[in-house]
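Novice: Let me give you the structure first, and then I'll get to my questions.
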Amino acid sequence: MEEDAGEEPGLGRCTAPTDFHFYHMDLYDSDSRLQVLPEESTGVRREAVQAERTYEPRGAREGQAHRALHEEADELVHLYGLEDDHELGDEIMDEDTPRLGTAEYPPYGVKRGDPAWEQRDWRLGGEAAEAEDLGFGGWGSRGQCQDLREAYRYTHGRASEEYECYVIPEEEDEEEAADVFCVTCKIPVRAVENLDAHKEHEVTPLNQALESAKDEIHKNMYKLEKQIIDMENFASHLEEVFITVEENFGRQEQNFESHYNEILETLAQKYEEKIQALGQKKKEKLEALYEQLVSCGENLDTCKELMETIEEMCHEEKVDFLKDAVAMADRLGQFLKTKTDVEISAQPDFEEQTLDFSDVEELMGSINSIPAPSAPVINPQAPNSATGSSVRVCWSLYSDDTVESYQLSYRPVGDGSPGKDQAEFTVTVKETYCSVKNLMPNTQYEFWVTAQNRAGSSPSSERAVYMTAPSPPIIKSKEIRSCEEAALICWESGSLNPVDSYTVELTQAEAPQAWGVTESIVGIPTCEALVQLQPRQNYTIYVRALNVGGPSARSEPATVHTTGSYFHLNKDTCHPWLTISEDGFTVMRSERKTPMREPLASNTRFTRCVAVLGNLIPVRGRHYWEVEVDECLDYTIGVAFEEVPRHEDLGANRLSWCLRHTFASSRHKYEFLHNKTSPDTRITVPPRRIGVLLDYANSRLSFFNVDISQHLHSFSCELHRLVHPCFSLEKPGCLKIRNGIPMPKHVTFY
Amino acid sequence: MGAAVSRVDSHQPQKRNVSSCRMHCVESLCLIFAVLSISHLYILVFFFPPGSSARGADKKKRISRRMALKQVSSSKSFGGFQKVFEHDSVELKCKMKFAVYLPPKAESAKCPVLYFLSGLTCTEQNFITKSGFQQAASEHGLIVIAPDTSPRGCNIKGEDDSWDFGTGAGFYVDATEDPWKTNYRMYSYVTEELPQLVNANFPVDPQRTSIFGHSMGGHGALICTLKNPGKYKSVSAFAPICNPMLCVWSKKAFGEFLGPDQNKWKAYDATHLVKSYTGSQLDILIDQGKADEFYDQLLPENFIAACTEKKIPVVFRLQEGYDHGYYFIATFIADHIRHHAKYLNA
Chain C
1 MEEDAGEEPG
11 LGRCTAPTDF
21 HFYHMDLYDS
31 DSRLQVLPEE
41 STGVRREAVQ
51 AERTYEPRGA
61 REGQAHRALH
71 EEADELVHLY
81 GLEDDHELGD
91 EIMDEDTPRL
101 GTAEYPPYGV
111 KRGDPAWEQR
121 DWRLGGEAAE
131 AEDLGFGGWG
141 SRGQCQDLRE
151 AYRYTHGRAS
161 EEYECYVIPE
171 EEDEEEAADV
181 FCVTCKIPVR
191 AVENLDAHKE
201 HEVTPLNQAL
211 ESAKDEIHKN
221 MYKLEKQIID
231 MENFASHLEE
241 VFITVEENFG
251 RQEQNFESHY
261 NEILETLAQK
271 YEEKIQALGQ
281 KKKEKLEALY
291 EQLVSCGENL
301 DTCKELMETI
311 EEMCHEEKVD
321 FLKDAVAMAD
331 RLGQFLKTKT
341 DVEISAQPDF
351 EEQTLDFSDV
361 EELMGSINSI
371 PAPSAPVINP
381 QAPNSATGSS
391 VRVCWSLYSD
401 DTVESYQLSY
411 RPVGDGSPGK
421 DQAEFTVTVK
431 ETYCSVKNLM
441 PNTQYEFWVT
451 AQNRAGSSPS
461 SERAVYMTAP
471 SPPIIKSKEI
481 RSCEEAALIC
491 WESGSLNPVD
501 SYTVELTQAE
511 APQAWGVTES
521 IVGIPTCEAL
531 VQLQPRQNYT
541 IYVRALNVGG
551 PSARSEPATV
561 HTTGSYFHLN
571 KDTCHPWLTI
581 SEDGFTVMRS
591 ERKTPMREPL
601 ASNTRFTRCV
611 AVLGNLIPVR
621 GRHYWEVEVD
631 ECLDYTIGVA
641 FEEVPRHEDL
651 GANRLSWCLR
661 HTFASSRHKY
671 EFLHNKTSPD
681 TRITVPPRRI
691 GVLLDYANSR
701 LSFFNVDISQ
711 HLHSFSCELH
721 RLVHPCFSLE
731 KPGCLKIRNG
741 IPMPKHVTFY
Chain P
1001 MGAAVSRVDS
1011 HQPQKRNVSS
1021 CRMHCVESLC
1031 LIFAVLSISH
1041 LYILVFFFPP
1051 GSSARGADKK
1061 KRISRRMALK
1071 QVSSSKSFGG
1081 FQKVFEHDSV
1091 ELKCKMKFAV
1101 YLPPKAESAK
1111 CPVLYFLSGL
1121 TCTEQNFITK
1131 SGFQQAASEH
1141 GLIVIAPDTS
1151 PRGCNIKGED
1161 DSWDFGTGAG
1171 FYVDATEDPW
1181 KTNYRMYSYV
1191 TEELPQLVNA
1201 NFPVDPQRTS
1211 IFGHSMGGHG
1221 ALICTLKNPG
1231 KYKSVSAFAP
1241 ICNPMLCVWS
1251 KKAFGEFLGP
1261 DQNKWKAYDA
1271 THLVKSYTGS
1281 QLDILIDQGK
1291 ADEFYDQLLP
1301 ENFIAACTEK
1311 KIPVVFRLQE
1321 GYDHGYYFIA
1331 TFIADHIRHH
1341 AKYLNA
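Structure (structure tokens):
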């Protein structure tokens, strides 16, 4: 009977496979499928019907159950194997058969032989026992389900290989022999055959028919593949659910059992106590009664003795009588004075005994309730899980715990200043994670979590420190320097606290989509990066800051054009008499001499010659820039080392190479100065636009008259270190620097 | 061969006899090289396509078609070849030699051509043996032509009397006076006959031609450019005679070649020509040694002043310590070839 009970609900479980019907019906009902595999299709249907039919005989025997299972397995095989898997199906059936003999789920089967179970039996009514039996019996079907799962897994494993083999075989011989395909009859018609039979029919060339048929089959195959994938996903989902249910119920059962045992123990203990108490009482009462009985007998004896003595006295002499009577009277009086206790000291009736089952009731009640959870375990911060204003905090619970909600508390980690307690915040969530928003960027927060359920709340977890991502850096677009091969990007951190590193992302701005790949340079420790680039391109550049919490948002973009060299004037070096225009590329010396702002004089500022240095990108390539000058202006342009003496004229030392123009008495004088010396060179046409070519590779510095592509002079200079453009105005006027322009072809000869 | 050798032999001793000590300074030893190098003599006959009719073509052209180039020497240099050819000049009515440097690039493509006009007393040999120009020419892929400086062996009375007049001193003018006017047509030779010959016989791109020279040749280069705007892409000079009308050597030569009318001289004077120049944009590079022993004769300041006035772009570099010789040229030859390459290879 137990066996049957075990299997019976199992048949009821046929509903589980019917869930699959939705999928496989969908699959098999598609017309294409029917066309391709008509036989299989009907076969499957038949089986499905049979499987449903097994519902009806409620008291079905094991053999039938086996059959039903076989069929289910078969079905699954067809489902996943799709075709020609009879063999596989058979294999599975074979595998199944021995297992079905022991279809009960062992742990539950064992329970029945458990002494605890029997002990329970005497308490529970027969009906209850039956219900229990059924309940557990229901789990017997789990064995069945496992079998199904096995079958599924088996085919599942094969499935992926299988659909690669769907390729329709080429029918070489037919291609040659048959000429047309009769659409009406749906058969190929060979050329040699008489076509009369298909005269009226719609025919298409065989190849075309073949192609379209193939197409259709490929389409269907595609659909099938998709369905297979869907089903696989669904199946794995089911599997997960299956496992979860299994675990949950297992846990529940354990709980149940332990509670049960507890209750029984409590009850047994109570029984013992009660019995002892009753025995004690009985003994006490009996003793009391016995004592009373004894004293009663004693009294009776005394009375009898008195009676006898008095009777004796009556027979005595008068004198004696009187003498004795007085004594007797006293004795009698005395005796009678002592009250004879006739009350029954111990009540024979049973005292009302209230049995206290409140604790048992409580225990009984707690069978369905759950213990308060233990403290959750808060996870350390996962990389890249934070943004500038939020962090994602995760924790885990002990698997035995049932938790209804969590309370996540946090507060910013103080900078150690006492007395300034940071405000605490608490959020309640159901999940084991929480994205906490509205936080300060690049700040550490302390998090702890407590779990709660009906039974109460857990102790709080350990405290974990999470850090929000930094705020995006701010690119100093005005300080970007570039040349044809590289760019030097500077930025401000944007965060008060230090960050771990920075990432520079760059995209070629005008490149087509496919090429617009973002390139990243990671792990930059400082607020500056020299980025290698392609010449004559436009780039959009972003910077992110990184800390343990993750990367910040992108900074505002900056654009870099790798056309020519692009530098800025270094205002720190600027002589006080010089002013630099808004755009930074016009150097002016006004007519009126503004008084020297002495306090500003520093080591970096030019004091003697009215000059300013440019900030050239530190790349030892070729750099070209132009300077627009006035023909009558006295100016000096060239290059100088960073440490060129500020109190000397440019070109008056070994640290600078310059073209100096002086205009006096309508004569132009051009000097190419280095270390105070210049070659004697005369130039007949005063340049208005001077090109300067700095070529580290060839150690040359060349000057050009841009307008007429005239080469003016080339220095051979030893540039061991980096030099910077320098500009000086010896008379009031202005120089206009033209930056970021392509190198003219004529300069490439120098 | 015998003729060539005899020519050199016959002239050289006479030349030597009349040479002043200055001649040594200017140019001397090179002529010996000329003799030594003519060890092999190949005769190259260039055939011209017969298709085009000779009739209707001008006389010079018809003559040039019949011109035969005789290779006098060929030496590999910097991957290319330094060759010397001899031909019968129609303009000069004598056998003329000229040097050709063919860079490696000329084997596969047409190359620009650069003419170098040498100075007083020179032949085609001086420049090719002493300046070391081949390296730069090879790098930039330029064909360099170095013609002789005057007709040779014309047996005109007085042509070998002086080192600075006559043989080796044609001054790149077309003489108008007897007895010079028949042979001494160096201007036409270097601007017309030789270019045609070169264009016809070597892989040159005639559109890309430039010219430079030294001393008298510097004067030649300047006047050729100034008189033919657009013909030469660029011009440069080493210590050129800038104002020949005021120069002792050329005053004598101009008087003999052009007659006493100084107005006619102006047509061959760079300083005068530049004043009326209205042609295409020029970019003149002139190098001048500060220790040049003939500095007084060259008068570059006059030319610079004229150019400054006319806004003709010149970069005039006075090179401290350099004299007039080929060591000076060799020092700055690379700069000059780069200057021309900039325009020729642009």
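Line by line, the protein sequences are chains C and P.
Following my numbering, the numbering of the first sequence begins with 1 at its first residue and continues without gaps.
Following my numbering, the numbering of the second sequence begins with 1001 at its first residue and continues without gaps.
For every residue, glycine included, the Cβ atom is placed at its ideal position computed from N, Cα and C.
Only a predicted model underlies this, so the values are computations on that prediction, with no experimental measurement involved.
For residue 247/C and residue 466/C, I'd like the C-alpha separation in whole angstroms.
Specialist: Approximately 33 Å between the Cα atoms of the pair.
Novice: Taking residue 712/C as the reference, which of 720/C, 610/C, 703/C and 719/C has the closest Cα?
Specialist: 703/C
Novice: With a CB to CB cut of under 7 Å and the five nearest residues on each side skipped, what residues in its chain are close to residue 630/C?
Specialist: Hits under 7 Å: 733.
Novice: Output, in chain order, the set of chain P residues within a Cβ distance shorter than 7 Å of residue 746/C.
Specialist: 1342 and 1346
Novice: With 8 Å as the threshold, decide whether the Cβ of residue 682/C is near any Cβ in chain P.
Specialist: yes
Novice: Skipping 5 residues on each side, what residues in its chain have a beta carbon closer than 6 Å to that of residue 654/C?
Specialist: 675
Novice: Do residue 1143/P and residue 1101/P have their CB atoms nearer than 8 Å?
Specialist: yes
Novice: Can you check which of these residues, 1093/P, 1134/P, 1087/P and 1095/P, is closest to residue 1105/P by C-alpha distance?
Specialist: 1134/P
Novice: Determine whether the Cβ of residue 1112/P lies closer than 8 Å to any Cβ atom of chain C.
Specialist: no
Novice: To which residues does DSSP link residue 1208/P through a beta bridge?
Specialist: According to DSSP, residue 1208/P bridges with nothing at all.
Novice: Rounded to the nearest angstrom, what separates residue 1061/P and residue 1192/P at their Cα positions?
Specialist: Note that residue 1061/P has pLDDT 47, beneath the 50 cutoff, so the model's placement of it is unreliable and the number below is only indicative. Whole-angstrom Cα-Cα distance: 10 Å.
Novice: Determine the direct distance from the alpha carbon of residue 668/C to that of residue 743/C, and round the result to whole angstroms.
Specialist: 27 Å
Novice: Is the stretch 556-571 of chain C in contact with the stretch 607-622 of chain C, if contact means three or more CB pairs nearer than 8 Å?
Specialist: yes
Novice: Taking any Cβ of chain C, which residues in the stretch 1299-1331 of chain P have a Cβ under 8 Å from it, in chain order?
Specialist: Residues passing the 8 Å Cβ filter: 1304, 1307, 1308, 1311, 1312, 1313, 1314, 1315, 1316, 1317, 1318, 1319 and 1320.
Novice: For residue 1324/P versus residue 1239/P, is the C-beta spacing smaller than 8 Å?
Specialist: yes
Novice: Cβ atoms of residue 373/C and residue 453/C: under 8 Å apart, would you say?
Specialist: yes
Novice: Going along chain C, which residues have a C-beta under 8 Å from residue 1281/P?
Specialist: 708
Novice: Measuring straight from C-alpha to C-alpha, what distance separates residue 686/C and residue 1275/P?
Specialist: Between residue 686/C and residue 1275/P, the alpha-carbon positions lie close to 18 Å from each other.
Novice: Quick one: does residue 742/C have its CB under 8 Å from some CB of chain P?
Specialist: no
Novice: Count the C-beta pairs between the stretch 442-452 of chain C and the stretch 395-412 of chain C that are closer than 8 Å, then say yes if the count reaches three, no if not.
Specialist: yes
Novice: Per DSSP, what are the beta-bridge partners of residue 664/C in this structure?
Specialist: 667/C
Novice: Do you know offhand how far residue 544/C's Cα is from residue 472/C's?
Specialist: In a straight line, the C-alpha of residue 544/C is about 6 Å away from that of residue 472/C.
Novice: Check the Cβ-Cβ distances between residue 1339/P and every residue of chain C, and say whether any is below 8 Å.
Specialist: yes
Novice: Can you pull out the residues from the stretch 669-702 of chain C whose beta carbon lies closer than 8 Å to at least one beta carbon of chain P?
Specialist: 679, 680, 681, 682, 683, 684 and 685
Novice: Listed in chain order, which residues of the stretch 708-724 of chain C have Cβ atoms closer than 9 Å to some Cβ of chain P?
Specialist: 708, 709, 710, 711, 712, 713 and 714
Novice: Taking only runs of the alpha helix (DSSP H) that begin and end inside the stretch 1082-1151 of chain P, which ones reach a length of at least 4 residues, in chain order?
Specialist: Correct list: 1124-1130 and 1134-1140.
Novice: Flag this pair as yes or no: are the beta carbons of residue 1287/P and residue 1317/P separated by less than 8 Å?
Specialist: Less than 8 Å separates the beta-carbon of residue 1287/P from that of residue 1317/P.
Novice: Three-state secondary structure (DSSP) at residue 182/C?
Specialist: Note: residue 182/C maps to strand in three-state DSSP.
Novice: Quick one: using the 10 Å Cβ neighbour count with 16 as the cut-off for buried, is residue 1230/P buried or exposed?
Specialist: Flag for residue 1230/P reads exposed.
Novice: Measure the alpha-carbon distance for residue 1284/P versus residue 714/C and round it to whole angstroms.
Specialist: 16 Å
Novice: Rank 1165/P, 1346/P and 1076/P by C-alpha distance to the C-alpha of residue 1210/P and give the top, closest one.
Specialist: 1346/P
Novice: Taking three-plus beta-carbon pairs below 8 Å as touching, is the stretch 718-734 of chain C in contact with the stretch 633-650 of chain C?
Specialist: yes
Novice: Would a check of beta-carbon distances place residue 1290/P closer than 8 Å to chain C?
Specialist: yes
Novice: Buried or exposed: which applies to residue 661/C, given that a residue is buried once 16 or more other Cβ atoms fall within 10 Å of its Cβ?
Specialist: The residue is buried, with at least 16 neighbouring Cβ atoms inside 10 Å.
Novice: Would you identify the three-state DSSP class for residue 577/C, choosing helix, strand or coil?
Specialist: coil
Novice: Determine the closest residue to residue 523/C out of 550/C, 335/C and 649/C, with distance taken between C-alpha atoms.
Specialist: 550/C
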